[in-house]
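As structure tokens, the structure follows; a few thoughts come after it.
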Amino acid sequence: MDVLKLDTKWVSTIASIWIQSTSGSLYTFSIYSSVLKSTQAYDQSTLDTVSVFKDIGANAGVLSGVLYSSVTTANHRRRTGPWLVHLAGAVQCFLGYFLMWASVVGLIPRPPMAAMCLFMLVAAHAQSFFNTANVVTGVRNFPNYSGTIVGIMKGFLGLSGAILIQVYETIFTNKPTSYLLMLALLPTINTLLLMWFVRISNTNEGDEKKHLDSFSLIALVIAAYLMAIIILERIFLFQFAIRVIAFVLLMLLLASPLCIAIRAHQRDSDRISQTLAIERDQLTDDPNQLVAEKIYASQDSAGYCYLPSSTDQEMDNNDRRTLQAEQNLNLLQAMRTVDFWILFLAMACGMGSGLAVVNNISQIGGSLGYTSFETGTLVSLWSIWNFLGRFGAGYVSDYFLHSRGCARPLFMVITLAIMSIGNLVIASGLPGALYAGSVLVGVCYGSQWSLMPTITSEIFGVVHMGTIFNTITIASPVGSYIFSVRVVGYIYDKEASAAGKTCTGTQCFMLSFLIMASATLLGSLAALGLYFRTKSFYNQVILRRLNL
């Protein structure tokens, strides 16, 4: 058997998956938010403000997009590459979380709130660098299945919160300060070890869909396993030995994508051998035919280039101008389009309200009378719902785009409308409403994280995809600030000041969730406008590109 090559797109995908699996520390904010609040003497609004800077850092990824575009151009790719983006993220991750840990344990004097916001901003900003390097590299490696690969990358990022919590509960049970130190070390070391394998490959292989489906299946198995562990550990008291065994099994599941890389390498080797044999035969028979076939087959898959056929000649001048204009816009060109700002508005409503829910889910549960056990379960399961949305939206939208020709913005319309329903369910305050509502909001919130980057790459092109989609994600912290601080935090503190230090009852959050339900409905209507605006573009350009 041939030795596994380390410079293939499959090894790159595995390395990206493993980096993503430790990059979602922001989704575990509730683990250390209480110790941050108590040691720094914050009230709820102040803690929410610090949390907003977490969201700003994670989503203000323009610099990561600019860096990625500059280091992956043809002139620089030999000397640099995505690893440089990962390196910048690793440095920020360590500095941000280490300084937060030092503040909590008293290693340095208690910093002012502005300094703590800066620490959080730097730590969170690292995620945008990890995410940009992994997602954009994946789209460049698999341009025909961009929704699936983005769903896989974003899905493992969503799962990473549950994975990190398993590490915490196995090694640092009930030690949130130690968990902060772990967040400074684990993602940093993991990224420094794996970043060298994340590379752009311009090869186009016939079994891509089959192997990507295998990655998707592994992701679903890991998600199901984590959900089972989360539920079981809330019902039974796990002994340390059982917890270690469960953790080892999780590590084995995370290692299983290596089998896909080995299988893909074997099939590629067989295919190359068969191709060489056929070419030798063709060269003997007709050398000119072989040269013509090679010229036709050689193309850069990431550039979406194809040779014109007789059918393509029928495309009128307007269609050609659309293809050229929308193929590879830079950031400034994209910002001058209506489509860019429609996406921005939809994400501000959808992502912003979703972040407000996850950041306050513990306080919401407490006000509605849920026990700490129940709210802890909700926090842990949020990563699973987040994963299902990220993975499912990318995979399902890819399926319907290939099989039915459905424009991808349609799925943004549907998920934002369902998210509005989820907010209404939570606002009702009925028994079990928080469970049902958090599932709907979590799944639909996760969906936006795979739909938006994929739509961005299709409408504006992949050359500046990292810069453009990271600029659009700034809408997430903007929405989060409005909903978390100006809506949820303000209304909660107002109700709490009337009742004492804490607020109990549905009145604490009902108005907030009614406002967020209206906002997500507005986002759904904006996405509907995008769908109608881009429907013909998908029919004339995207479906042609996919050879449908």
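FYI, the numbering for the sequence shown is 1 to 548, going by UniProt numbering.
Ideal Cβ placement from N, Cα and C applies to all residues, glycine included.
Query                                                                                                                      : Result
Rounded Cβ spacing between Leu546 and Asn144 (contact assumed at less than 8 Å)                                            : 6 Å
Within the stretch 19 to 75, ranges of the alpha helix (DSSP H) (whole runs, at least 4 residues)                          : 29 to 39, 44 to 59, 62 to 71
Local conformation of residue 633 per DSSP, three classes                                                                  : One cannot answer for residue 633 here, as it falls past the ends of the chain, which runs 1 to 548.
Three-state class that DSSP yields for Thr177 in the structure shown                                                       : helix
C-alpha gap between Leu543 and His402, whole angstroms                                                                     : 8 Å
CB contact flag (Arg133, Tyr27, <8 Å)                                                                                      : Note that residue 133 is Ala in the sequence shown, not Arg. Result no, Cβ atoms of Ala133 and Tyr27 do not sit closer than 8 Å.
Start and end residues, alpha helix (DSSP H) containing Ile474                                                             : That residue, Ile474, is in no alpha helix (DSSP H); it is neither H nor E in DSSP.
Sub-8 Å separation of Leu121 and Phe53 beta-carbons                                                                        : yes
Given Ile19 as reference, the closest of Leu194, Asn423, Met452 once Cα atoms are compared                                 : Leu194
Buried or exposed (CB count within 10 angstroms, at least 16 for buried), Ala427                                           : buried
Own chain residues within Cβ distance below 7 Å of Leu522, not counting five before or after                               : Cys349
Cut-off 6 Å between Cβ atoms - residues of its own chain near Leu424, not counting five sequence neighbours on either side : Ala517
Secondary structure of Asn330, DSSP reduced to three states                                                                : coil
Residue from Arg404, Arg408, Leu254 with nearest C-alpha to Ala393                                                         : Arg408
Range covered by the alpha helix (DSSP H) that runs through Trp101                                                         : 82 to 105
Opening and closing residue of the alpha helix (DSSP H) in which Pro453 lies                                               : 433 to 460
8 Å contact criterion, which Ala123 and Gln92 should meet: CB distance rounded                                             : 7 Å
Bounding residues of the alpha helix (DSSP H) (the contiguous stretch that carries Ala519)                                 : 510 to 537
Length-filtered (3 minimum) beta strand (DSSP E) runs lying within the stretch 152 to 177                                  : none
Any 3 or more C-beta pairs closer than 8 Å across the stretch 94 to 112 and the stretch 202 to 217                         : no
Cβ-based burial, Leu434 [other Cβ within 10 Å; buried from 16]                                                             : buried
Integer Cβ distance of His265 from Thr473, believed to fall under 8 Å                                                      : About 35 Å separates the two Cβ atoms, so there is no contact after all.
Host alpha helix (DSSP H) of Cys349 (start-end)                                                                            : 338 to 367
Nonlocal neighbours in the same chain, by C-beta distance under 7 Å from Trp83, ignoring five residues either side         : Met195, Trp196, Val198
Best match in Gly442, Phe344, Ile414, Thr415 for proximity to Ser380 [C-alpha to C-alpha]                                  : Gly442
For Asp429, the three-state DSSP class (helix, strand or coil)                                                             : Position check: residue 429 holds Gly in this sequence, whereas Asp was assumed. Three-state result, Gly429: coil.
Cys117, buried or exposed, once every other Cβ within 10 Å from all chains shown has been counted against 16               : buried
Through-space distance from Ala261 to Arg267, alpha-carbon basis                                                           : 10 Å
Alpha-carbon to alpha-carbon, Ala246 and Gln239                                                                            : 11 Å
Spatial distance of Asp339 from Asn539 (CA atoms)                                                                          : 17 Å
Cβ separation of Gly376 and Tyr445, assumed to be a contact under 8 Å, to the nearest whole Å                              : 20 Å between Cβ atoms; not a contact.
Contact set for Ser450: own chain, Cβ-Cβ below 6 Å, skip 5 residues either direction                                       : Val150, Gly151, Lys154, Arg390, Ala393, Gly394
Exposure of residue 549, with buried meaning 16 or more beta-carbon neighbours within 10 Å                                 : Any property of residue 549 remains undetermined from this structure, which presents the chain solely from 1 to 548.
Residue burial classification, Ile242 (beta-carbon count within 10 angstroms, cutoff 16)                                   : exposed
Proximity winner among Ala498, Ile342, Ser447, relative to Ala475 (alpha-carbon distances)                                 : Ile342
Contact check, Gly138 vs Asn386, beta carbons under 8 Å                                                                    : no
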